[in-house]
Amino acid sequence: MKNTTGNKVKVGIFVTVSLALFTVAIYLIGQRQQLFSDAFHISAVFKDIGGLQGGNNVRFSGINVGIVEDIEQITDSTVRINMRIGKATQKFIKKNARATIGSDGLMGNKIVVISPGTADNRVVADNDQLNAFQAVSMDEIMAKIKVTADNAAVITGGLASIVGNISEGRGTIGKLFMDTVFAKNIDNSLINIKQGTKGFKQNMDAAGNSFLLRGFFKKKNKEKEQKNKDK
Amino acid sequence: MEGKAAINTVQTPEAGIGKRMRKFFISVSDLSAFTLRFVKEAFTPKYEIYEFIKQAYLVGYQSFPLVAITGFIMGLVLTIQSRPTLAQFGAESWLPAMVAVSIVREIGPVITALIFAGKVGSGIGAELASMKVTEQIDAMEVSGANPFKYLVVTRTLATTLMLPVLVVASDGISLFGAYVGCNLKGDVSFKLFFLQVFDKLTFSDVFPATIKTFFFGLAVGLIACYKGYNSNKGTAGVGESANASVVYGSLCIFIIDMIAVQFTSLFN
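Following this line, the structure appears as structure tokens:
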């Protein structure tokens, strides 16, 4: 096969396009890590960083603005994280901004979340240290959930014992719900009350018709009619 | 007498294994000498630039359609296959990132190199072997030309430098295939797909994967040239060289890949 100019051009185009593709990919990856744009550095000191790693995202107002550059242990209980943030975000981060370690979704990577701070404070400078807000760790949440669960167990145990007593007919409420003799007694009492009130009504009617009390009832009726007229 | 001679030719299994081991070590020694000679010849003038460009066209440009089709299907199939598993965890939005990392780190380089070994390795092995058995290589030596420089160095350099280029192109096409795969059952915009892809890719994904492809290309080229250049069984040797070029080339790709992953994990 002859080595024609056409073939050379084809090889040249092929290599150039592939290299351009590679360069674009490198640029796009680098851009995410703020490698090809102006950046500044800030740090924050935490007691526990909960598995944060170098390269994790730094988020400000929900936007990825930089990365965790490196992590260093300062003392036995403090860890400093150094962050590389895009210069364009610097003017929005105030000196009293707070850094917190959060999580990108339920199963996602750890991230550093920066809250903006108040407007009356000065803008953060290069190599400044932000205040760190130690977020509640998963272990602490689990410990609190355990206490709540223990309390819930005691309460549900008590409720189970009360429900057990009721279903066995013990106590006042238990008798009310479960004791058939008690229910029959109440039923009889209600019948007696009904009969009693019926008899009482008959007595009152008889009293109204007797000559001794007729005057009293007439007076009552007149007062009643007078009141109706006044209305 | 004839019976005695026949008994002498029967080999015990131990002797067979010993002979094969001996043959293997001789091959390793020859291949090492061949590699050293390649390095020496590659860096000493005169350079066969035009032959190198011709080989780059043959092994690189002409392999592109095959690599492109393979790459596209790879990206598409990987996405379709991964979707149900991720959907079980409600993590379908991770599909672009997961597929991209798989393609760039492992599947793109290895599958492309295997396709390359199959197409280019067998071609070089058969071509050089047929030149050897028809005594064209001897004729070149007699005429004062350096056949090693003209045939081996140009081809091996072409495979070494063109395979990474092919892998980059294949990765790009695979990612496009993955984008198509994502949109078969879902709805992801082109911009969002590539934002998610490049959000999760890091330099530690891209650079080791690219560097190892140079070694893949070198192995494919060197083994194919070695098998072809040292073919000595007449016309039967041509087929044998082509076959051995593909088999050993592919095996070497996996061995280099295993070494590369161990090496990369040291730095991560």
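Chains A and B, in that order, are what the protein sequence lines are. According to the numbering used here, the stretch in the first sequence is residues 11 to 241, in order. According to the numbering used here, the stretch in the second sequence is residues 159 to 426, in order. For each residue, glycine too, the CB sits at the ideal point set by N, CA and C.
B:V300, enclosing alpha helix (DSSP H) - first and last residue: Taking the second sequence and counting its residues from 1, one reaches residue 300 of chain B at position 142. Element bounds for B:V300: Q294 to V300.
Nearest chain B C-beta to A:R42 closer than 9 Å, yes or no? On the first sequence, residue 42 of chain A is found 32 positions in, with the first residue counted as 1. Cβ-Cβ to chain B under 9 Å: yes for A:R42.
Among B:M289, B:D329 and B:S328, which one has its Cα closest to the Cα of B:V310? Mapped onto the second sequence, residue 310 of chain B falls at position 152. Per the Cα distances, B:M289.
How about A:N141 and A:A109: are their beta carbons less than 9 Å apart? Along the first sequence, one-based indexing puts residue 141 of chain A at 131. Along the first sequence, one-based indexing puts residue 109 of chain A at 99. It is a contact, given that the beta carbons lie within the stated cut-off.
In chain order, each alpha helix (DSSP H) run of at least 4 residues that lies wholly inside the segment 13–41 of chain A: none
Quick one: is A:S147 buried, meaning 16 or more other Cβ sit within 10 Å of its Cβ, or exposed? For this step, residue 147 of chain A is matched to residue 137 along the first sequence. When all chains shown are included, A:S147 counts as exposed.
Helix or strand or just coil, what does DSSP make of B:E206? Position 48 of the second sequence holds residue 206 of chain B. The answer is coil: DSSP assigns B:E206 none of H, G, I, E or B.
What residue does the alpha helix (DSSP H) around B:N388 start on, and which one ends it? Within the second sequence, residue 388 of chain B is the residue found at index 230, counting from 1. Segment: none, B:N388 is in no alpha helix (DSSP H) and carries neither H nor E.
Could you check whether the Cβ of A:V25 sits closer than 9 Å to any Cβ belonging to chain B? For the purposes of this step, residue 25 of chain A is taken as residue 15 along the first sequence, with counting starting at 1. Chain B contact via Cβ: present.
Unbroken stretches of the alpha helix (DSSP H), 4 residues or longer, contained in the segment 184–241 of chain A: 190–219 and 224–240
Interface flag, B:T360 vs chain A, CB-CB below 9 Å: Position 202 of the second sequence, counted from the first residue, corresponds to residue 360 of chain B. Output row for B:T360: interface = yes.
Compile a chain-ordered list of the residues in the segment 219–239 of chain B whose CB is closer than 8 Å to at least one CB of chain A. Y219 and F222
Taking 8 Å as the cut-off, is the C-beta of A:D197 nearer than that to any heavy atom in the ligand PLP? This structure lacks the ligand PLP, and indeed carries no ligand of any kind.
Chain-order list of residues whose beta-carbon lies under 6 Å from that of B:S389 (same chain, five-residue window excluded): In the second sequence, residue 389 of chain B corresponds to position 231, counting from 1. Closer than 6 Å at the Cβ level, and outside the excluded window around B:S389, lie A287, K290, G395 and S399.
Span separating the alpha-carbon of B:K358 from that of B:A255: The residue given as residue 358 of chain B occupies position 200 in the second sequence. The residue given as residue 255 of chain B occupies position 97 in the second sequence. Looking at the two C-alpha atoms, the distance is approximately 6 Å.
Can you give the beta carbon distance from A:G127 to A:I91, rounded, assuming they're within the 8 Å contact cut? As a first step, residue 127 of chain A must be located in the first sequence, where it is residue number 117. As a first step, residue 91 of chain A must be located in the first sequence, where it is residue number 81. Between A:I91 and A:G127 the Cβ distance is about 18 Å, and since that is not below 8 Å, they are no contact.
Using a Cβ cut-off of 9 Å (strictly closer), state whether B:A245 contacts chain A. Position 87 of the second sequence, counted from the first residue, corresponds to residue 245 of chain B. Not one chain A Cβ lies under 9 Å of B:A245.
CB contact check: B:F352 to chain A, cutoff 9 Å: Residue numbering aside, residue 352 of chain B sits at position 194 when the second sequence is read from its first letter. Cβ-Cβ to chain A under 9 Å: yes for B:F352.
Does DSSP put A:V146 in a helix, a strand or coil? Against the first sequence, residue 146 of chain A aligns to sequence position 136. A:V146: coil per DSSP, three-state reduction.
Is it the case that the Cβ atoms of B:R263 and B:A367 are separated by a distance below 9 Å? Taking the first residue of the second sequence as position 1, residue 263 of chain B is located at position 105. Taking the first residue of the second sequence as position 1, residue 367 of chain B is located at position 209. Taking 9 Å as the Cβ cut-off, B:R263 and B:A367 qualify as a contacting pair.
Can a CB atom of chain A be found closer than 9 Å to the CB of B:V338? As a first step, residue 338 of chain B must be located in the second sequence, where it is residue number 180. Cβ-Cβ to chain A under 9 Å: no for B:V338.
Please return the same chain residues whose Cβ sits closer than 6 Å to the Cβ of B:Y337, not counting the five positions on each side in sequence. In the second sequence, counting from the first residue as 1, residue 337 of chain B sits at position 179. Cβ neighbours of B:Y337 beyond the five flanking positions: F351.
Range covered by the beta strand (DSSP E) that runs through A:Q83: Residue 83 of chain A sits at position 73 when you count from the first residue of the first sequence. Its beta strand (DSSP E) spans residues I73 to Q83.
If we ignore side chains and look at the alpha-carbon of each, how far apart do A:N74 and B:F361 end up? Your numbering for residue 74 of chain A matches position 64 in the first sequence. Your numbering for residue 361 of chain B matches position 203 in the second sequence. If I take the Cα positions, the gap works out to 18 Å.
Does A:K105 come out as helix, strand or coil in the three-state DSSP assignment? Translated into positions along the first sequence, residue 105 of chain A becomes position 95. Here A:K105 sits in coil by DSSP.
Given a cut-off of 9 Å, decide if A:I77 and A:V89 are closer than it, judged by their beta-carbon atoms. Numbered from its first residue, the first sequence carries residue 89 of chain A at position 79. Numbered from its first residue, the first sequence carries residue 77 of chain A at position 67. The answer is no: Cβ separation not under 9 Å.
State yes or no: is the beta carbon of B:K212 nearer than 9 Å to at least one beta carbon in chain A? Residue 212 of chain B sits at position 54 when you count from the first residue of the second sequence. So, interface residue.
Report the rounded CA-to-CA distance for B:G375 versus B:K349, giving the unit in angstroms. To locate residue 375 of chain B, count along the second sequence from 1; it is residue 217. To locate residue 349 of chain B, count along the second sequence from 1; it is residue 191. Between B:G375 and B:K349, the C-alpha separation is close to 33 Å.
Where A:E178 falls, given that 16 or more other Cβ within 10 Å makes a residue buried: For this step, residue 178 of chain A is matched to residue 168 along the first sequence. So A:E178 ends up on the exposed side.
For the pair the segment 278–287 of chain B and the segment 242–249 of chain B, tell me if three or more CB-CB distances fall below 8 Å. no
If you drop the 5 nearest sequence neighbours on each side, which residues of the same chain put their C-beta closer than 7 Å to that of B:T318? Here residue 318 of chain B corresponds to residue number 160 of the second sequence, with the count starting at 1. Correct list, in chain order: F372, G375, L376 and G379.
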